[in-house]
Amino acid sequence: FMAPTVYKKHLALRLVEAIDLVQRHECQMAKMEEIIYFLKTEALEDKDKLIRLQGQLLVQKDKELELFKTSVKKTVQTTVESGIKSYSAAVQQNSASGTVCNSNILKKVMKSVAAEEDRSKNLIVFGLKEGEGEQLPALVTAVLEEIGEKPHFEATRVGRKRPGSTTIRPVK
Numbered sequence: 120f121m122a123p124t125v126y127k128k129h130l131a132l133r134l135v136e137a138i139d140l141v142q143r144h145e146c147q148m149a150k151m152e153e154i155i156y157f158l159k160t161e162a163l164e165d166k167d168k169l170i171r172l173q174g175q176l177l178v179q180k181d182k183e184l185e186l187f188k189t190s191v192k193k194t195v196q197t198t199v200e201s202g203i204k205s206y207s208a209a210v211q212q213n214s215a216s217g218t219v220c221n222s223n224i225l226k227k228v229m230k231s232v233a234a235e236e237d238r239s240k241n242l243i244v245f246g247l248k249e250g251e252g253e254q255l256p257a258l259v260t261a262v263l264e265e266i267g268e269k270p271h272f273e274a275t276r277v278g279r280k281r282p283g284s285t286t287i288r289p290v291k
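Residues in the sequence shown are numbered consecutively from 120, following the working numbering.
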């Protein structure tokens with residue numbers, strides 16, 4: 120059994136060691152709190168930057184969509200105008216030459232305009248992955264919905280599938 124003075128000295132030493140340990144941990148905790156605060160601040164700044172970039176991306180996508188809509192409108196308008204001009208020119212030519220515009224001539228002109236308009240609506244998609252038992256209409260619908268279009272269509276692959284070929288056939 121220890122003497123009381125030795126026991127007190129031993130306890131005092133242990134107490135000093137414990138206080139030293141607590142002070143070192145307090146210092147480390149303060150440093151850790153500082154690092155955590157810095158990381159939180161940096162994360163918030165990164166989130167703000169991400170939100171700004173997403174906003175810029177949305178603005179850019181809106182501009183691209185508007186350009187695409189304008190382009191489609193111009194193309195449709197040009198196609199319709201050329202069809203009307205073709206019909207009008209055929210009627211004027213027959214009227215000017217003195218021939219009566221009979222129904223056969225009118226039918227030929229209308230078929231020509233209709234055929235040209237049908238071809239102007241064709242769309243070919245390149246790079247659409249090809250697989251066994253693929254649901255082509257569903258794949259094409261997904262692509263068209265991604266650009267905001269929902270037309271009625273029929274879809275087929277162009278060309279013959281060659282066994283062992285890795286070439287992706289376009290979709291019409």
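Ideal Cβ placement from N, Cα and C applies to all residues, glycine included.
Asked, Found
"Looking at the unbroken alpha helix (DSSP H) that takes in T285, where does it start and where does it end?", "Looking at the DSSP string, T285 is not in any alpha helix (DSSP H), and its letter there is neither H nor E."
"V259: buried (16+ other C-beta within 10 angstroms of its C-beta) or exposed?", "buried"
"Once DSSP output is grouped into helix, strand and coil, what is the label at V290?", "strand"
"Check whether the Cβ atoms of V277 and L247 sit closer than 8 Å, and answer yes or no.", "no"
"Which of helix, strand or coil does DSSP assign to V277?", "coil"
"Who are the Cβ neighbours of T194 in its own chain at under 7 Å, not counting the five residues just before and after it?", "none"
"Following the continuous alpha helix (DSSP H) through L242, name the residue where it begins and the one where it ends.", "Per DSSP, L242 belongs to no alpha helix (DSSP H) and is neither H nor E."
"Helix, strand or coil: which one does DSSP assign to F157?", "helix"
"Identify, in the order they occur along the chain, each residue of the same chain with its Cβ nearer than 6 Å to the Cβ of E249, setting aside the five sequence neighbours on each side.", "I287"
"Measuring CA to CA, which of M148, K227, E253, H271 is closest to N241?", "H271"
"Using a beta-carbon distance below 8 Å, is E136 in contact with chain B?", "Absent here is chain B; the protein component of the structure consists of one chain."
"Checking 8 Å against the spacing of the C-beta atoms, do L337 and G267 come in under that value?", "Because the chain in this structure spans residues 120 to 291, residue 337 falls outside the shown range and cannot be described."
"Assign L255 to one of three DSSP states: helix, strand, or coil.", "helix"
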